[in-house]
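Working notes for the structure below.
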């Protein structure tokens, strides 16, 4: 295998080899699912177990209390940058912006 590269861009990130190997192992058959993670519904129990574990790990790692919701969103940096002005608004305020 060639030498691993370093990536300092906004994303996607370079993953540790241990993570890549686990993903490779579970790509063909997610334990308990009888199918690949690519083939199960986001509503199926095996996928929901992954999301619940990810949320629990984030709450522990970042000390997020139950007063806050953890949201897994798609959209990348564009969505994140779009949410900035919305999060800076006071209650009852509105804003217009163009992407």
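Numbering (my numbering), first residue to last: 24 to 122.
Ideal Cβ positions, reconstructed from N, Cα and C, are used throughout, including at glycine.
Close beta carbons around residue i, own chain, < 8 Å, minus the five adjacent residues each side
i: residue 26; result: none
i: residue 61; result: 50
Backbone CA spacing between residue i and residue j [nearest angstrom]
i: residue 111; j: residue 85; result: 22 Å
i: residue 91; j: residue 82; result: 10 Å
i: residue 105; j: residue 120; result: 9 Å
i: residue 116; j: residue 107; result: 14 Å
i: residue 97; j: residue 34; result: 13 Å
i: residue 48; j: residue 59; result: 10 Å
Simplified DSSP assignment, three categories, for residue i
i: residue 35; result: coil
i: residue 94; result: coil
i: residue 47; result: helix
i: residue 56; result: coil
i: residue 111; result: helix
Assigned exposure category for residue i - 16 Cβ within 10 Å defines buried
i: residue 53; result: buried
Nonlocal neighbours in the same chain, by C-beta distance under 7 Å from residue i, ignoring five residues either side
i: residue 69; result: 53, 55, 56, 63
Heavy atom of the ligand GTP within 8 Å of residue i beta-carbon
i: residue 121; result: In the structure shown, the ligand GTP is absent, as is every other ligand, since no ligand is present at all.
Proximal residues to residue i (C-beta, below 6 Å), its chain only, five neighbours per side dropped
i: residue 30; result: 37
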